[in-house]
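Residue numbers (this note's numbering): 374 to 730. Written below as structure tokens is the structure these notes are about.
As structure tokens, then:
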């Protein structure tokens with residue numbers, strides 16, 4: 374165990390999707406005492422997120438200090454160069470060094486844990502465990518790779534295995550709560566057993582629980598029901614309270630010379646309706662289908678559903694997502710790929726069949 378020496382350190386705790394809309398009532402009720410203490414001792418405010426408001430975009434802006442136009446991450450997915458298909462975004466597409474690389478290159482020791490969109494992990498001066506999305510949950514997610522064995526010996530085989538898929542609500546919720554405990558334990562292990570100057574740990578359970586249980590909490594939501602409210606109306610609150618517990622665990626390990634930062638990448642709220650962009654593009658003359666292709670226009674929706682299922686690890690046996698196999702690209706000016714309204718101009722000289730000057 375490394376003895377804590379007196380030197381200024383920085384501890385960053387990321388809480389994905391956290392919003393004062395949920396936190397303020399909990400703070401007022403005394404349910405988040407550690408967070409309330411930080412707010413009292415320091416300062417807090419609402420911040421603007423990125424455009425688009427997506428986790429891989431915002432966390433990459435957090436790590437690089439620049440907007441998406443400079444760092445190059447715009448979605449969970451990106452258009453594959455010279456092709457009409459999409460591939461997962463990854464840290465290898467990031468154009469700007471993250472601040473933990475800057476710190477490490479200056480001789481500082483770092484521990485970077487579970488920051489979204491950081492796979493493959495950077496070669497850091499210290500320890501890094503890449504966050505989702507990632508196809509692997511073994512040593513390929515960890516740098517240096519041999520550190521995986523250290524963590525595996527401490528936390529058990531397959532310790533990075535994702536939470537169980539959303540088949541039973543209570544099991545899924547229990548998995549999210551356990552994920553908070555896991556990342557807290559990993560962070561505590563790094564803080565107590567490694568020499569470090571900068572530590573970053575991100576909790577994503579807040580984001581996930583709000584995606585799946587917001588309607589149970591929100592009586593104004595179209596999908597709200599008395600049954601769901603009775604069973605899971607407090608699901609989101611329970612994860613926020615668990616995050617506050619995690620903060621207390623980590624804060625107990627650091628001294629007054631440690632600078633504390635707590636932040637989220639974006640807020641949260643209800644999603645009551647969406648716009649079918651491909652249909653709008655067709656109706657306005659921007660996109661054309663191949664003969665018979667419009668009868669198969671649901672493929673775009675199916676591709677999006679496949680992506681959602683992939684986030685839940687339920688895509689075994691499904692074909693790859695994200696092709697425009699039914700679109701007449703030679704007569705299309707604008708097409709839609711991704712998960713959040715990304716429109717691509719079919720640019721001449723860039724796309725294989727580009728027609729727009």
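Backbone N, C-alpha and C fix where the C-beta goes; we use that ideal spot for every residue, glycine too. Small disclaimer: the values here were computed from a predicted structure and weren't measured.
Check, Outcome
"Tell me which residue opens and which closes the alpha helix (DSSP H) that residue 620 is part of.", "608-624"
"Output yes or no for whether 8 Å exceeds the beta carbon distance between residue 408 and residue 617.", "yes"
"To which residues of the same chain is residue 586 closer than 6 Å at the C-beta, ignoring the five residues directly before and after it?", "605, 608, 609"
"Where does residue 579 sit, in a helix, a strand or coil, going by DSSP?", "helix"
"For residue 559, which residues does DSSP report across the bridge?", "None; residue 559 has no bridge partner."
"Would you mind stating whether residue 572 and residue 697 have Cβ atoms separated by less than 8 Å?", "no"
"Buried or exposed for residue 541, please, with buried defined as at least 16 other CB atoms from any protein chain shown within 10 angstroms of its CB.", "exposed"
"For residue 620, which residues from the same chain have a beta carbon less than 8 Å from its beta carbon, with the 5 sequence-adjacent residues on both sides left out?", "386, 407, 408, 411, 635"
"Span of the beta strand (DSSP E) holding residue 501?", "499-502"
"Give me, in chain order, the residues of the same chain whose beta-carbon lies closer than 7 Å to that of residue 433; leave out the 5 immediate sequence neighbours on both sides.", "444, 446, 467, 490"
"Exposed or buried, what is residue 402 when buried is set at 16 or more other beta-carbons lying within 10 Å of its beta-carbon?", "exposed"
"Hey, could you find the ends of the alpha helix (DSSP H) residue 710 is sitting in?", "First-last for residue 710: undefined, no H or E at that position."
"If you measure between the beta carbons of residue 488 and residue 575, is that distance less than 8 Å?", "yes"
"Does the count of Cβ pairs from the region 641-654 and the region 583-597 closer than 8 Å reach three?", "yes"
"Got a sec? Which residues, its chain only, sit under 7 Å from residue 692 by beta carbon, not counting five neighbours each side?", "Since pLDDT at residue 692 reaches only 38, below the 50 mark, its modelled position is unreliable, and no value is offered."
"Report, in whole angstroms, the separation of the C-beta atoms of residue 416 and residue 471, which I expect to be a contact under 8 Å.", "Not quite, the Cβ-Cβ distance comes to about 25 Å (not below 8 Å), so this is no contact."
"Buried or exposed: residue 448, going by 16 or more other Cβ atoms within 10 Å of its Cβ?", "buried"
"Is the distance from the Cβ of residue 503 to the Cβ of residue 492 below 8 Å?", "yes"
"Applying the criterion that 16 or more other CB atoms from any shown protein chain within 10 Å of the CB defines a buried residue, is residue 689 buried or exposed?", "Legend: pLDDT at residue 689 = 41, less than 50; position of this residue unreliable, value from coordinates given subsequently. Residue 689 should be labelled exposed."
"Measuring alpha carbon to alpha carbon, tell me which residue in 469, 438, 419, 516 is nearest residue 394.", "419"
"So, helix, strand or coil for residue 728, using DSSP?", "coil"
"Return the residue from the list 597, 632, 651 that minimises the CA-CA distance to residue 715.", "651"
"Between which two residues does the beta strand (DSSP E) carrying residue 384 extend?", "382-388"
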